[in-house]
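Participant: This is the structure I have questions about; it appears just below.
In the working numbering, the protein residues as written are -2 to 129.
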């Protein structure tokens, strides 16, 4: 089953600038979501932890991974389960927010938090019943 990356983007981008999403091959109900910085991932983790979506509670935690890597082959393959979102990162709002958050080095205050979240137990409404 393939999780609809766009639906995940819509859900998680409410809390900040999502730069990459990767669906885990081994766990079709799990995904990695990378934000531009850990402030946004902290917001998403706080507000979406155990959120109920379609009568199902999702788990959102910080990942040990600091950067989702995407190969050239994955970038060129539209049906692949990894997506890079560039438009949101190129916006003026993004640049303004990044400048504001760089005034204080938040990452030194919370080294355990990363810009990448791992989300488990994603509802079936976010999955495609057709196998790829």
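Beta carbons are placed, not taken as given, at the ideal position from N, Cα and C, and that holds for glycine.
In this structure, what does DSSP give as the bridge partners for residue 114?
Facilitator: 30 and 59
Participant: Given a cut-off of 8 Å, decide if residue 110 and residue 65 are closer than it, judged by their beta-carbon atoms.
Facilitator: no
Participant: How should residue 17 be labelled, buried or exposed, when 16 other C-beta atoms within 10 angstroms of its C-beta is the threshold for buried?
Facilitator: buried
Participant: Measuring alpha carbon to alpha carbon, tell me which residue in 1, 51, 4 and 9 is nearest residue 114.
Facilitator: 9
Participant: Are there 16 or more other CB atoms within 10 angstroms of the CB of residue 68, so buried, or fewer, so exposed?
Facilitator: With a 10 Å radius around the Cβ and a threshold of 16 neighbouring Cβ atoms, residue 68 comes out exposed.
Participant: Which value, in whole angstroms, describes the spacing of the CA atoms of residue 28 and residue 41?
Facilitator: 14 Å
Participant: If you run the structure through DSSP and keep just helix, strand and coil, what is residue 24?
Facilitator: Of the three classes helix, strand and coil, the one that applies to residue 24 here is coil, per DSSP.
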